[in-house]
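Student: Mind having a look at this structure? Questions to follow.
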Amino acid sequence: MAKGIWVYIEQSNMKIRKASLEIMSKAREVADQAGEEVVAVLIGQGVEALANTVIPYGANKVIVVDDAQLVNYTTGSYTSVLNKLIRDHEPKALLLGHSALGRDLAPRLAQRLGVGMVEDCTAMEYDPTTLLTFNHSIYTGRAFAQVKVITTPIIATIRPNSFAVSEPDATRQAEVIKESAQIDADDLRAIVKDIVIASSKRPDLVEANVIVAGGRGAKNVEGFTLLEELADVVGGAVGASRAAVDAGWIDIKYQIGQTGNTVAPTLYIACGISGAIQHLAGMNSSQVIVAINKDPEANIFKAADYGIVGDMFQVVPLLNEEFKKIVN
Ligand code: FAD
3 MAKGIWVYIE QSNMKIRKAS LEIMSKAREV ADQAGEEVVA VLIGQGVEAL
53 ANTVIPYGAN KVIVVDDAQL VNYTTGSYTS VLNKLIRDHE PKALLLGHSA
103 LGRDLAPRLA QRLGVGMVED CTAMEYDPTT LLTFNHSIYT GRAFAQVKVI
153 TTPIIATIRP NSFAVSEPDA TRQAEVIKES AQIDADDLRA IVKDIVIASS
203 KRPDLVEANV IVAGGRGAKN VEGFTLLEEL ADVVGGAVGA SRAAVDAGWI
253 DIKYQIGQTG NTVAPTLYIA CGISGAIQHL AGMNSSQVIV AINKDPEANI
303 FKAADYGIVG DMFQVVPLLN EEFKKIVN
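As structure tokens, then:
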């Protein structure tokens, strides 16, 4: 019989992503209501060492698949491993972050298992009939649907920053189960030879607490330099609208929206962004939205908690000065 809520623990350079700890924390809360266990799943090379980091956030068990073949993520190898684990252990649910990895892995796995999935969830609660119920945005963020998945296991990706990370319990004990990597030869269609990491002092965009985002109103690369200064003063990340990305002022990895990253920081400062529905789809779960736009009719003001009608080239330097006084 199916048992347990699994949480896929995503790591990068042996650092567990905050989004995975958020999901662990919420899974623990729901599992307590449901009388279920929480199982953390760690896949990669050298990842066994991370089991002790994740246990305090609520794991009853940790399944570890530690193998040199899994040093870098590939869709095929990780799908193969998780597919086998799920068929052997029969969990009730598998939760992943709505990250690039989660967005890639979850649908592939659901297809392989022949089950339903729900993506980009911003809320998850215990449901006595289906175990879990989720909220996820539809129509490019215009509405939210409440979704129950009626196949087993339930597969869901959760938007980062949707849940708080609980206080770790250092006394918590959990069983660590080591499984071997069984990768079907057919699944090894791509091999990652090398990863070149772009170095940046700024926080990861998806996990950042503060994001300063620029749009077409930033006008050019120099406009973004101004936004980078503000981001550095407040310890935030820089993001962008698609118009700014298409203009070549900033790399596509910083794009926020329907076809870019989905973010939900504590503070989102939108500068020279009109607020197109495709942009809002990626940031409208932010806790506090501040918009700076010289057009008082700009759509972004409908989504904003605070609006500044003005020229960002005048407003942003003033904000910079004020924030510097607070931070220093
Ligand atoms: P604009 O809409 O041109 O707005 C620029 C704003 O800057 C205006 O409101 C203007 O008043 C203001 N402004 C100008 N100068 C200044 C100044 N000096 N100071 C202050 N304000 C100023 N877009 C995304 O962002 N992300 C996506 O993921 C995305 N996906 C898409 C997917 C599809 C299928 C489609 C069709 C579109 C998508 N788009 C996406 C594009 C989206 O529709 C908009 O075109 C885009 O978001 C507009 O970007 P913008 O707000 O920077 O530019």
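Following the working numbering, the numbering of the sequence shown begins with 3 at its first residue and continues without gaps.
Built from N, CA and C at the ideal position, the CB exists for glycine as well.
Roughly how many angstroms separate the alpha carbons of residue 47 and residue 300, rounded to a whole number?
Tutor: Within the sequence shown, the letter at position 45 stands for residue 47. Within the sequence shown, the letter at position 298 stands for residue 300. Taking the straight line from one Cα to the other gives about 49 Å.
Student: In this structure, does DSSP put residue 77 in helix, strand or coil?
Tutor: Here residue 77 corresponds to residue number 75 of the sequence shown, with the count starting at 1. Residue 77: helix per DSSP, three-state reduction.
Student: Among 4, 84, 120 and 150, which one has its Cα closest to the Cα of residue 128?
Tutor: Counting from 1 along the sequence shown, the entry for residue 128 is found at position 126. Answer by Cα proximity: 150.
Student: Can you check the segment 267 to 292 for any beta strand (DSSP E) of at least 3 residues that lies completely inside it and give the ranges in chain order?
Tutor: 269 to 273
Student: Going by C-alpha to C-alpha distance, which of 41, 45 and 32 sits closest to residue 15?
Tutor: Here residue 15 refers to the residue found at position 13 when the sequence shown is read from its first residue. Taking only the C-alpha atoms, the option nearest residue 15 is 45.
Student: Starting from residue 328, follow the alpha helix (DSSP H) in both directions and report where the run begins and ends.
Tutor: Reading the sequence shown from its first residue, position 326 is the one you call residue 328. DSSP places residue 328 inside the alpha helix (DSSP H), whose first and last residues are 314 to 329.
Student: Could you please give me the residues that DSSP links to residue 138 through a beta bridge?
Tutor: Residue 138 sits at position 136 when you count from the first residue of the sequence shown. Its beta-bridge partners are 123 and 147.
Student: Going along the chain, which residues of its own chain have a beta-carbon closer than 7 Å to the beta-carbon of residue 235, five neighbours each way excluded?
Tutor: To locate residue 235, count along the sequence shown from 1; it is residue 233. Only 322, 325, 326 and 329 meet the Cβ criterion.
Student: Alpha carbons only, please: which of 49, 183 and 88 is nearest the one belonging to residue 3?
Tutor: Translated into the one-based positions of the sequence shown, residue 3 becomes position 1. Of 49, 183 and 88, the residue nearest in Cα terms is 88.
Student: In this structure, what does DSSP give as the bridge partners for residue 198?
Tutor: Sequence index remark: in the sequence shown, residue 198 carries index 196 (1-based). Paired residues: none, contrary to the question.
Student: Given a cut-off of 8 Å, decide if residue 25 and residue 99 are closer than it, judged by their beta-carbon atoms.
Tutor: For the purposes of this step, residue 99 is taken as the residue at position 97 of the sequence shown. For the purposes of this step, residue 25 is taken as the residue at position 23 of the sequence shown. Yes, the pair counts as a contact, with Cβ atoms nearer than the cut-off.
Student: Is the segment 117 to 128 in contact with the segment 32 to 39, if contact means three or more CB pairs nearer than 8 Å?
Tutor: yes
Student: Using only Cβ atoms and a threshold of 5 Å, which residues come within that distance of a heavy atom of the ligand FAD? Order them by chain position.
Tutor: 217, 218, 219, 243, 244, 245, 259, 260, 261, 262, 274, 275, 276, 278, 280, 281, 295, 296, 297, 300, 313 and 314
Student: If you reduce the DSSP assignment to three classes, tell me which class residue 28 lands in.
Tutor: Taking the sequence shown and counting its residues from 1, the one referred to as residue 28 is at position 26. Residue 28: helix per DSSP, three-state reduction.
Student: Where residue 257 and residue 293 are concerned, what is the direct C-alpha to C-alpha distance, given to the nearest angstrom?
Tutor: The residue given as residue 257 occupies position 255 in the sequence shown. The residue given as residue 293 occupies position 291 in the sequence shown. Between residue 257 and residue 293, the alpha-carbon positions lie close to 17 Å from each other.
Student: Is the segment 153 to 166 in contact with the segment 114 to 125, if contact means three or more CB pairs nearer than 8 Å?
Tutor: The segment 153 to 166 is in contact with the segment 114 to 125.
Student: Hey, could you find the ends of the alpha helix (DSSP H) residue 55 is sitting in?
Tutor: Working through the sequence shown from its first residue, we reach residue 55 at position 53. Residue 55 -> alpha helix (DSSP H) spans 53 to 56.
Student: Do residue 189 and residue 82 count as a contact pair if the criterion is CB distance below 8 Å?
Tutor: Residue mapping note: residue 82 aligns to position 80 of the sequence shown, counting from 1. Residue mapping note: residue 189 aligns to position 187 of the sequence shown, counting from 1. Yes, they are a contact pair.
Student: Given residue 291, which residues of its chain have a CB within under 7 Å of its CB, disregarding the five upstream and five downstream residues?
Tutor: Locating residue 291 in the sequence shown gives position 289, where the first residue counts as 1. Excluding positions up to five away in sequence, the list reads 270, 272, 305, 306 and 307.
Student: Could you spell out where the alpha helix (DSSP H) holding residue 224 opens and where it closes?
Tutor: Within the sequence shown, residue 224 is the residue found at index 222, counting from 1. Segment 223 to 236, the alpha helix (DSSP H) holding residue 224.
Student: Could you check what DSSP says for residue 47 in three-state terms: helix, strand or coil?
Tutor: Your numbering for residue 47 matches position 45 in the sequence shown. Residue state, collapsed to three classes: coil.
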